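Worksheet for the structure shown next.
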Amino acid sequence: MATTWALASLLLSSTEPQVAQRGFFANWDSATWLVTASFVVKTVSTMYLLQALDSMQKNIGEAVAVIVIYASQVLLPSVDKAFDLSVFLLAVMVVGSVKAYLC
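Take the sequence shown: its position 61, counting from 1, is numbered 60 in numbering that gives the first Met the number 0, and each next residue is one higher.
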């Protein structure tokens, strides 16, 4: 299904005149490449976790990743996001709940 979707998207994008003239990646900037790289790393690491761990441990990993992403958004000066204790505590509660279920 994913291969068919990718091929159909590539075929449809090649019919666009600007894409045919300038290329598919012509308007990609560093932020676009950074997001693409982060999704590739996330996908590869998730596939490794699925192979090595059971589903509950994978869910703990995903929840911890959400906490790390939230912390990086709060700490990075380029992102305008203030710390919200309730959001942070909800994420920690999810990790704690899954961990308590495992024990």
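Even for Gly, the Cβ is constructed at its ideal location relative to N, Cα and C.
Note that this is a predicted model, so its numbers are computed, not measured.
Cβ neighbours of V94 within its own chain (closer than 8 Å, five residues either side excluded): I59, A62, V63 and I66.
Annotated three-state conformation of E15 is coil, per DSSP. For K80, no alpha helix (DSSP H) encloses it, and the DSSP letter there is neither H nor E. At the C-beta level, V97 and M46 stay beyond 8 Å of one another. About 7 Å separates the Cβ atoms of Y69 and F87, confirming a contact at the 8 Å cut-off. Excluding the 5 residues flanking it on each side, V78 has same chain C-beta neighbours closer than 7 Å at Q72, in chain order.
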